[in-house]
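The sequence shown begins at 96 in our numbering and counts up one residue at a time. Note that beta-carbon positions come from the ideal geometry of N, C-alpha and C, so glycine has one too. Working notes, structure below.
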Amino acid sequence: MNTTDISQETKSETLLDEGDHDRFSHYARKADIVKSAVTGKPIVALCGKVWVPDRNPDRFPLCPKCKDLYEQKKANENR
Numbered sequence: 096m097n098t099t100d101i102s103q104e105t106k107s108e109t110l111l112d113e114g115d116h117d118r119f120s121h122y123a124r125k126a127d128i129v130k131s132a133v134t135g136k137p138i139v140a141l142c143g144k145v146w147v148p149d150r151n152p153d154r155f156p157l158c159p160k161c162k163d164l165y166e167q168k169k170a171n172e173n174r
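Okay, here's the thing in structure tokens:
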């Protein structure tokens with residue numbers, strides 16, 4: 096996965112994971128987001144959150160764990 100394969104998405108009405116993850120938008124592969132939009136099947140965010148993206152990610156703060164993992168991945172790619 097490279098930086099162009101990651102997109103920010105949000106939580107779903109279908110709560111498949113509990114806790115603070117449900118209050119954030121998350122990073123996930125664009126292809127997975129598109130597939131989920133077509134099939135309605137859950138996807139896995141960079142942080143491990145499992146959900147069906149169906150909300151505007153701009154309405155939620157970015158998941159701190161997704162952000163940290165994305166920044167680490169980006170830094171490693173630039174080495």
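C-alpha gap between Thr-105 and Arg-124, whole angstroms:
Low confidence applies to Thr-105: its pLDDT is 47, below 50, so where it sits in the model is not reliable enough to give any reading.
Where does Val-133 land, buried or exposed, given buried means 16+ other C-beta within 10 angstroms?
exposed
Span separating the alpha-carbon of Ala-170 from that of Leu-141
Approximately 15 angstroms, taken between the alpha carbons.
Neighbour-count burial assignment, Val-176, 16 or more Cβ in a 10 Å radius:
With the chain running from 96 to 174 in the structure shown, residue 176 is simply not present.
Would you decide whether Lys-144 is buried or exposed? Buried here means 16 or more other CB atoms lie within 10 Å of its CB.
By the 16-neighbour rule on beta-carbons within 10 angstroms, Lys-144 is buried.
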